[in-house]
Amino acid sequence: QVQLVESGGGLVQPGGSLRLSCAASGSIFRVNTMAWYRQAPGKERELVARITIGGITNYADNVKGRFTVSRDNAENTVYLQMNSLKPEDTADYYCNALILGISYWGQGTQVTVSS
């Protein structure tokens, strides 16, 4: 059984920062790609950022230069540092991990950017 637990969401003013964390636990040999997705009300879930076990990253165009994804392979944890937040970043953020070809999801953490 694999579990992903996110933390770090909350309410922040425009221009502010938040750091999300996601820890994978359970019967894990190796976590391959880890990623963050988000889903805003009335919209489809979209990829925000992804990082491979080797540290290769890619980002959605609308977060490039503002968000940074990183990971701690020893702790099976992925982070998302979000800076210069905008109201349009408001969404539920979900952690995703690919383990032995199976995709696992966290329950999500809410991020609200508002003054």
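Residue numbering for the sequence shown follows the working numbering, beginning at 6 and increasing consecutively. Using N, Cα and C, we set each Cβ at its ideal position, and we do this for glycine too.
Terminal residues of the continuous beta strand (DSSP E) containing residue i?
i    : result
R71  : Looking at the DSSP string, R71 is not in any beta strand (DSSP E), and its letter there is neither H nor E.
Q44  : M39 to Q44
G31  : L23 to G31
Q115 : T114 to V118
Q6   : No beta strand (DSSP E) holds Q6; DSSP gives it neither H nor E.
Relative to the C-alpha of residue i, which candidate in the options has its C-alpha closest?
i   : options                : result
G60 : G113, D77 and Q8       : D77
Q50 : S119, A96, A79 and N37 : The sequence shown places Arg at residue 50, not Gln. Cα-wise, what sits closest to R50 is A96.
Name the one or two DSSP bridge partners that residue i has.
i   : result
T62 : I56
V17 : V118
E51 : R43
Check whether the Cβ atoms of residue i and residue j sit closer than 8 Å, and answer yes or no.
i   : j   : result
A54 : A40 : yes
Q86 : G14 : no
V68 : Y84 : no
Run through the stretch 69-109 for me and flag every whole beta strand (DSSP E) of 3 or more residues, listed as ranges in chain order. Runs found: 72-77, 82-87 and 96-104.
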